[in-house]
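S.K.: Pasting in a structure now, in structure tokens, and then I'll have a few things to ask.
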Amino acid sequence: MHRRTFLASASAAVLVASAAAAKPARLIAGPWSQFGGQASLDDSIWAGILRDHLRMGSDGVARFDYAGVSRERLGQYLRSLAATDPTALTRDAAFAYWSNLYNALTVDVVAANWPVASIRDIGGSLFSPGPWGEKRIVVAGQQLSLDDVEHGILRPVFRDPRVHYAVNCASIGCPNLAATPWRAAGLSAALDAAARAYVTHPRGAEVTSRGLIVSSIYDWFEEDFGGNDAGVIAHLSRHGAAVEGQSRVASDRYDWSVNA
């Protein structure tokens, strides 16, 4: 456990939450590093769901209508993703595919258990709260969990810290759920825009009288952001955060309240 997380944690419950959230990037068995020539998929169902149920708040946080979304529509979209061969996709199309799958599956999990105050109240155990470890979809003949998709495929295959701005964990503290599906066309620019939106919001980074306060994402997954404070600060600066003159991270924070 990182020192900042320990010092910022006033209770055992927070320590457990931090430990549960911090997962290493470890490639799982499967053909996930193989790519083909298909550059796009039909994402019209997901586009319609986002259009109908996602709203940007005046506070800069995107919120989703879990109570009103049709799980039948979600199921139709998830079945189409499950029937897709991700190895037929180009690298960027595969990144978009896995990110959209993660987000749609997360929305479906929360909608299926609505109402909840936090996604961490769904499934899991005392020492590993939340639904992330449960197998929920079959792709290429393999049962996958949300953890498998994020930490076993997206992070180790693509090795791009911007994956953390592409996937959404249904929480206020998380980078916003994208208002449109991720697509291969214009992917890098869209990821840069998502990164900038987060690091320039207080949820992502804020310089206070106590120093630089960052999202716990940068502590949990510090290995993806250079492995130390200097790497995190360089990443934040590169994407537009006002962190000039900061040489260390003072502490981190995260709001697990559902983004409803």
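Residue numbers for the sequence shown, in mature numbering (1 follows the signal peptide of the UniProt record, and there is no 0): -22 to -1, 1 to 238. Here a beta-carbon is modelled for each residue, glycine too, at the ideal position from N, C-alpha and C. The structure displayed is predicted, hence computed values, not measured ones.
Can you name the residues that DSSP bridges to residue 186?
M.R.: 189
S.K.: Report yes if the C-beta distance between residue 3 and residue 114 is below 8 Å; otherwise report no.
M.R.: no
S.K.: Would residue 17 and residue 82 be called neighbours here (beta carbons separated by less than 8 Å)?
M.R.: no
S.K.: Taking the CB atoms as reference points, tell me whether residue 75 and residue 52 lie closer together than 8 Å.
M.R.: no
S.K.: According to DSSP, simplified to helix, strand and coil, what is residue 132?
M.R.: helix
S.K.: So what does DSSP say about residue 109, is it helix, strand or coil?
M.R.: coil
S.K.: Nearest by alpha-carbon distance to residue 176: which of 41, 125, 108 and 217 is it?
M.R.: Among 41, 125, 108 and 217, the Cα nearest to that of residue 176 is on 217.
S.K.: Closest to residue 159 by C-alpha separation, out of 19, 1 and 10, would be which residue?
M.R.: Selection 19, 1 and 10 evaluated against residue 159 yields 19 as nearest (Cα-Cα).
S.K.: Please classify residue 153 as buried or exposed, where buried requires at least 16 other C-beta atoms within 10 Å of its C-beta.
M.R.: buried
S.K.: Taking 7 Å as the limit between beta carbons, can you name the residues of its chain near residue 95, skipping five residues before and five after?
M.R.: Taken in chain order, the residues that qualify are 235 and 236.
S.K.: Go through its chain and collect everything with a Cβ distance to residue 1's Cβ below 7 Å, but skip five positions before and after it.
M.R.: Taken in chain order, the residues that qualify are 125 and 129.
S.K.: Give the straight-line distance between the Cα atoms of residue 100 and residue -2, rounded to the nearest whole angstrom.
M.R.: 14 Å
S.K.: Return the CA-CA distance between residue 182 and residue 34, expressed in angstroms with no decimal places.
M.R.: In a straight line, the C-alpha of residue 182 is about 17 Å away from that of residue 34.
S.K.: Determine, using beta carbons only, whether residue 97 and residue 149 come nearer to each other than 8 Å.
M.R.: The answer is yes: Cβ separation under 8 Å.
S.K.: Where does residue 33 fall in DSSP's three states?
M.R.: strand
S.K.: Is it the case that the Cβ atoms of residue 102 and residue 232 are separated by a distance below 8 Å?
M.R.: no
S.K.: Would residue 61 be called buried (16 or more neighbouring beta carbons within 10 Å of its own) or exposed?
M.R.: exposed
S.K.: Would a C-beta distance cut-off of 8 Å place residue 227 and residue 185 closer than the cut-off?
M.R.: no
S.K.: By the 10 Å Cβ neighbour count, where 16 or more other Cβ atoms means buried, how is residue 64 classified, buried or exposed?
M.R.: buried
S.K.: Could you tell me the alpha carbon to alpha carbon distance between residue 22 and residue 188, rounded to whole angstroms?
M.R.: 46 Å
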